[in-house]
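Protein chains in written order, with this note's numbering: chain B, 2 to 586; chain Z, 879 to 1032.
For each residue, glycine too, the CB sits at the ideal point set by N, CA and C.
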Amino acid sequence: MNYEYSWRVKLVIGVFALVGLAIPAQILRIQNSPEAGKILDQSNNYNWEVRTLYPARGSIYDRNGRLLAGNEIVYEVGVDIPRVSNPHTVALTLSVTLDLDYNDIYDTLTNPEGRLYLVADDFVLPGKVEELKKLKEELENQPDDWRAADRPSLDGLVFRAHFQRSYPEKSLGSNILGFVMHDGHGYFGVEAKYDEQLAGIPVTTLVPTDPNRAEDLPRIPDGATLILTIDRDIQAAVEEILDLSLVEHGAEAGSIVVMNPKTGEVLAMASTPRFDPNEYWDYELYFNNASEFNRAISLPYEPGSVFKILTMSGALDSGTVTPSTSFLDTGVFLIGGVPVYNWDDAAWGYQDMTGCMQHSLNVCLAWVASQLGPQKFYSYARAFGIGHPTGIDLAGEAAGRLKVPGDGDWYPVDLGTNSFGQGVAVTPIQMVMAASAIANDGRMVAPHVLYGMVQNGRQYNSPPRYLGTPISETTARTLNEMLAYSLENESSLALVPGYRLAGKTGTAQIPLPTGYYANSITNTSFIGWGPVDDPQFVVYVWIERPSSSIWGSEVAAPVFARVVEKLVVLMGIPPDSVRQALAGQ
Amino acid sequence: MDFVRNITQKTPWKTQQQLFGFVLVVLVFAAMIAGIYLTITSRAAVLGREIQNLEAQITDGKRLNADLSNQLGVLLSYQSMAERAWAMGFTLASPEDIEYVTIPGYAAPQPVDLSEARPDEQQANTLPDAYTQSLWEWFEAQLVTSGLSGGGVQ
Chain B
2 MNYEYSWRVK LVIGVFALVG LAIPAQILRI QNSPEAGKIL DQSNNYNWEV RTLYPARGSI
62 YDRNGRLLAG NEIVYEVGVD IPRVSNPHTV ALTLSVTLDL DYNDIYDTLT NPEGRLYLVA
122 DDFVLPGKVE ELKKLKEELE NQPDDWRAAD RPSLDGLVFR AHFQRSYPEK SLGSNILGFV
182 MHDGHGYFGV EAKYDEQLAG IPVTTLVPTD PNRAEDLPRI PDGATLILTI DRDIQAAVEE
242 ILDLSLVEHG AEAGSIVVMN PKTGEVLAMA STPRFDPNEY WDYELYFNNA SEFNRAISLP
302 YEPGSVFKIL TMSGALDSGT VTPSTSFLDT GVFLIGGVPV YNWDDAAWGY QDMTGCMQHS
362 LNVCLAWVAS QLGPQKFYSY ARAFGIGHPT GIDLAGEAAG RLKVPGDGDW YPVDLGTNSF
422 GQGVAVTPIQ MVMAASAIAN DGRMVAPHVL YGMVQNGRQY NSPPRYLGTP ISETTARTLN
482 EMLAYSLENE SSLALVPGYR LAGKTGTAQI PLPTGYYANS ITNTSFIGWG PVDDPQFVVY
542 VWIERPSSSI WGSEVAAPVF ARVVEKLVVL MGIPPDSVRQ ALAGQ
Chain Z
879 MDFVRNITQK TPWKTQQQLF GFVLVVLVFA AMIAGIYLTI TSRAAVLGRE IQNLEAQITD
939 GKRLNADLSN QLGVLLSYQS MAERAWAMGF TLASPEDIEY VTIPGYAAPQ PVDLSEARPD
999 EQQANTLPDA YTQSLWEWFE AQLVTSGLSG GGVQ
């Protein structure tokens, strides 16, 4: 190499060396500059996103594992505004497919005012979303024509899947289940009562967006799964019977409750009206107020003569009367200065206590209550749970009303009228609970609809809860016998061939806003249980304001019989003769 | 030693050659380290993205399972089953239609038991440490596991 060129070579080498050194030097300088920390902080902000993970709402099953409430996929349809290339196509497609307002969407997309994302619609069904996805794909696969500025495109349209509550059985058992609105909260029934357990606990966590920091998402346990005591087939049968009975008797509304008197497990609870909770927004079309959602627990009423079983229980248990105690019915009894008459205004002459129950004599029961005395009468009523909520695990239970001496609106005549179920307000579930003591050898059980709860794969079952013994075992058996005999002796329409049943009808006048009772409109009821020697069910029937007849014995009693005919089949209860023969083997 | 001194001092072209060779070795080594680092980082990024995708798939799968259970519920609903039964000619039994027979050892059906060990109960972290470690942490861990590290808890 010539000398004259060597310095030039060295200069070039030197320049390259300098540049080569300057680059790492600059890197080091930037990395250690005061701004570096701020830039790192900013980048860290984009490395993570705060995400709230919502557990799936727990499912609800009947006692045999049939799904009553589950979850189905729906979509939020949104628009990623910066990615939209043709606002007209997007707005037009959404307005046609999802029935949205074209102008609203178009205006937002063309003038977003800083917005990056638009929620066009939510809770969109998969069918609609598939339609949109297909259209989007077709437009994406159109041959490119870059010259066309208004090329149709659904770019920016995004679909986010999430759950919504679903009720596969539609209106079946809806008055027990309640419903979940789009806000994710449960209303009425089981959905409201166990809302926290079903919803689970949402967890807010930092999720790395940087794939280098990817890690497992925290495991969020789903909401608890509930297994109800309800038997879907019994529920369906009872609802069908109730609906047919209302039509047959021209009644306004009704309710039927079926419970196991030994465990307190509610097997069915039908109430009218019912609606499909999948379309909960129709609530106001069906219900005038919240107490109508489930009449069996929320709507207290004067039950009439079915209440006599409690009056007679107290009188027998206290020793005030025995089944053979004789009473001369003159057709009228004066109590608190007010005369009380029988349902037929007739005098029935000498009657024993079984006869009083069989013929449902108000005069006799008013006399029995007067012999029992107000203190004991109301003490027994309280012991049977009258005037207090039963504590059933359904939202919206009413307490009813039991006036007692000392209350401003209690008068001595109330003792007489209360004895046959007027002037006292109860719910069907209260009567069922009280009757469980009579059917279950004096032990009263708390009614409940939750059989078990499954959490983290383990099932926790609800044990029966006993609420004391308002009457003795002897009293319970005596009254059972009296009521069974009464039904058999009057050839009641409540009887079912092959099965010995105990029960009592009720016909109650309805108080008017004026304070007087209506003559021609009644509430008809029936409470009964069986088989008498080993009760498997208590059934309560309440038919409101029937027009075919005003009497419980003609309206509610046959409904009870129809329910029992279904129950013995669905529960596999053999006729008494078969059962007793098998037991004797 | 004299031989080495002679080579380095008396033959300048050899010195330059050695210097050039040394720089080249350093460069190659640095390039190798950078290459390995880039490879591992890119693999980690790809696997990280896969993990994120799998998490999304798990979520989608769970959602789909719940949806399918719900669809099954609709298919097995009372109304649906009753319609199919009627279409097949079945009718509802009345008490008179039923004949009871004694079956030794028969136990009446009990309410459903849904308790089970579900897969999502397994809380163990399924992501290997190697996916979240830096190169240095990984190297240190290898030393610890191979017993070459001086520290550590016995």
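Could you tell me how far apart the beta carbons of residue i and residue j are, in whole angstroms, since I believe they sit closer than 8 Å?
| i | j | result |
| --- | --- | --- |
| Thr326 of chain B | Asp353 of chain B | 6 Å |
| Val80 of chain B | Val97 of chain B | Actually they are not in contact, since the Cβ atoms of Val80 of chain B and Val97 of chain B sit about 15 Å apart, beyond 8 Å. |
| Gly337 of chain B | Val259 of chain B | With 8 Å as the limit, Gly337 of chain B and Val259 of chain B do not qualify as a contact, their Cβ atoms being about 38 Å apart. |
| Pro406 of chain B | Ser955 of chain Z | In fact, because the Cβ distance is near 52 Å, the residues do not count as touching under 8 Å. |
| Ser526 of chain B | Gly553 of chain B | 6 Å |
| Ser993 of chain Z | Gly458 of chain B | 6 Å |
| Thr428 of chain B | Ala399 of chain B | 6 Å |
| Gly315 of chain B | Val446 of chain B | Going by Cβ atoms, the distance from Gly315 of chain B to Val446 of chain B rounds to 19 Å, so no, they are not a contact pair. |
| Ala70 of chain B | Lys194 of chain B | In fact, because the Cβ distance is near 13 Å, the residues do not count as touching under 8 Å. |
For the beta strand (DSSP E) that contains residue i, what are its first and last residues?
| i | result |
| --- | --- |
| Gln456 of chain B | 451-456 |
| Pro127 of chain B | Not the beta strand (DSSP E): Pro127 of chain B falls in the alpha helix (DSSP H), residues 127-141. |
| Gln510 of chain B | 503-512 |
| Ile82 of chain B | Neither: Ile82 of chain B is in no beta strand (DSSP E) and is coded neither H nor E. |
| Met270 of chain B | 267-272 |
| Thr226 of chain B | 226-229 |
| Gln460 of chain B | 459-462 |
Put residue i into one of helix, strand or coil per three-state DSSP.
| i | result |
| --- | --- |
| Arg444 of chain B | coil |
| Glu999 of chain Z | Low confidence applies to Glu999 of chain Z: its pLDDT is 48, below 50, so where it sits in the model is not reliable, and the reading given next is rough at best. Three-state result, Glu999 of chain Z: helix. |
| Asp244 of chain B | helix |
| Leu1013 of chain Z | helix |
| Trp530 of chain B | strand |
| Gln988 of chain Z | coil |
| Trp8 of chain B | helix |
| Asp330 of chain B | strand |
| His250 of chain B | helix |
| His183 of chain B | coil |
| Gln372 of chain B | helix |
| Ser920 of chain Z | helix |
| Gly338 of chain B | coil |
| Thr321 of chain B | coil |
| Ile31 of chain B | helix |
| Gly1030 of chain Z | Residue placement at Gly1030 of chain Z is flagged as unreliable, the pLDDT there being 39, under the threshold of 50; the coordinate-derived value follows with that caveat. Coil at Gly1030 of chain Z, not helix or strand. |
Which residue marks the beginning of the alpha helix (DSSP H) containing residue i, and which one marks its end?
| i | result |
| --- | --- |
| Val565 of chain B | 553-571 |
| Phe378 of chain B | 375-384 |
| Glu631 of chain B | The question about residue 631 of chain B has no answer here: the residues shown for chain B are numbered 2 through 586. |
| Thr418 of chain B | 413-420 |
Give the single residue among the options whose Cα lies nearest to the Cα of residue i.
| i | options | result |
| --- | --- | --- |
| Ile551 of chain B | B:Thr523, B:Ser578, B:Ile472, B:Arg116 | B:Thr523 |
| Thr355 of chain B | B:Asp223, B:Leu395, B:Ala503, B:Pro375 | B:Ala503 |
| Ser167 of chain B | B:Thr205, B:Leu126, B:Glu139, B:Ser154 | B:Leu126 |
| Leu362 of chain B | B:Ala426, B:Gly128, B:Ile28, B:Lys505 | B:Lys505 |
| Leu207 of chain B | B:Val560, B:Glu50, B:Phe164, B:Gly516 | B:Glu50 |
| Ala215 of chain B | Z:Gly899, Z:Ala908, Z:Ala934, Z:Gln895 | Z:Ala934 |
| Tyr107 of chain B | B:Pro88, B:Leu119, B:Asn279 | B:Pro88 |
| Phe538 of chain B | B:Val120, B:Gly15, B:Leu268 | B:Leu268 |
| Ile544 of chain B | B:Val569, B:Lys404, B:Glu280, B:Asp244 | B:Asp244 |
| Pro471 of chain B | B:Pro209, B:Ser437, B:His250 | B:Ser437 |
| Leu317 of chain B | B:Leu68, B:Ser256, B:Glu482 | B:Glu482 |
| Asp217 of chain B | Z:Glu977, Z:Thr893, Z:Glu928 | Z:Glu928 |
| Pro153 of chain B | B:Asn142, B:His163, B:Arg501 | B:Asn142 |
| Ser299 of chain B | B:Gly392, B:Pro278, B:Gly15, B:Arg220 | B:Gly392 |
Chain A beta carbons: is any one of them nearer than 9 Å to that of residue i?
| i | result |
| --- | --- |
| Pro987 of chain Z | This model lacks chain A altogether, as its protein chains are B and Z. |
Note down, in chain order, all residues in the segment 901-913 of chain Z with a beta-carbon under 9 Å from any beta-carbon belonging to chain B.
-> Under the 9 Å Cβ criterion, the segment 901-913 of chain Z contributes no residue.
Could you name the residues of the segment 935-948 of chain Z whose beta carbon sits closer than 9 Å to any beta carbon of chain B, in the order they occur along the chain?
-> Against chain B - using a Cβ distance shorter than 9 Å - the residues of the segment 935-948 of chain Z are Ile936, Thr937, Asp938, Lys940, Arg941, Leu942, Ala944, Asp945, Ser947, Asn948.
Could you list the residues in the segment 355-375 of chain B with a C-beta less than 8 Å from some C-beta on chain Z, going in chain order?
-> So the list is empty, because no residue satisfies the distance condition.
Near-chain Z residues of the segment 73-86 of chain B - C-beta to any C-beta below 9 Å | Using a CB distance below 9 Å, the part of the segment 73-86 of chain B facing chain Z consists of Glu73, Ile74, ordered along the chain.
Return the residues of the segment 1013-1024 of chain Z that lie within a Cβ-Cβ distance of less than 9 Å from chain B, sorted by chain order.
-> With the criterion set as a beta carbon lying under 9 Å from some beta carbon of chain B, the segment 1013-1024 of chain Z has no members that meet it.
Between the segment 530-548 of chain B and chain Z, which residues of the former have CB atoms less than 7 Å from a CB of the latter, in chain order?
-> If the cut-off is 7 Å between Cβ atoms, the segment 530-548 of chain B has nothing near chain Z.
Got a sec: which bits of the segment 429-463 of chain B sit with their beta carbon under 7 Å from any beta carbon on chain Z, in order along the chain?
-> Listed by position along the chain: Tyr452, Val455, Asn457, Gly458, Arg459, Gln460.
Just by C-beta distance, which residues in the segment 92-125 of chain B are closer than 8 Å to chain Z?
-> Result list empty, no residue passes.
Members of the segment 558-576 of chain B near chain Z, C-beta cut-off 8 Å | So the list reads Glu566, Val569, Val570, Gly573, Pro575, Pro576, given in the order they occur along the chain.
Members of the segment 920-935 of chain Z that neighbour chain B once the beta carbon cut-off is set at 7 Å | The residues in question are Ala922, Ala923, Gly926, Arg927, Ile929, Gln930, Glu933.
Which residues, taken in chain order from the segment 950-966 of chain Z, show a beta carbon closer than 9 Å to some beta carbon of chain B?
-> Hits within the stretch, in order: Leu950, Gly951, Val952, Leu953, Leu954, Ser955, Tyr956, Gln957, Ser958, Ala960.
Return the residues of the segment 164-177 of chain B that lie within a Cβ-Cβ distance of less than 8 Å from chain Z, sorted by chain order.
-> For the segment 164-177 of chain B, the beta-carbon criterion of a distance under 8 Å to any beta-carbon of chain Z is satisfied by Phe164, Ser167, Pro169, Glu170, Lys171, Leu173.
Short-range partners of chain Z found in the segment 185-213 of chain B, where Cβ spacing is below 7 Å = Result list: Pro212, Asn213.
Taking only beta carbons into account, state which residues of the segment 464-494 of chain B come closer than 8 Å to chain Z, listed in chain order.
-> Answer set for the segment 464-494 of chain B: empty.
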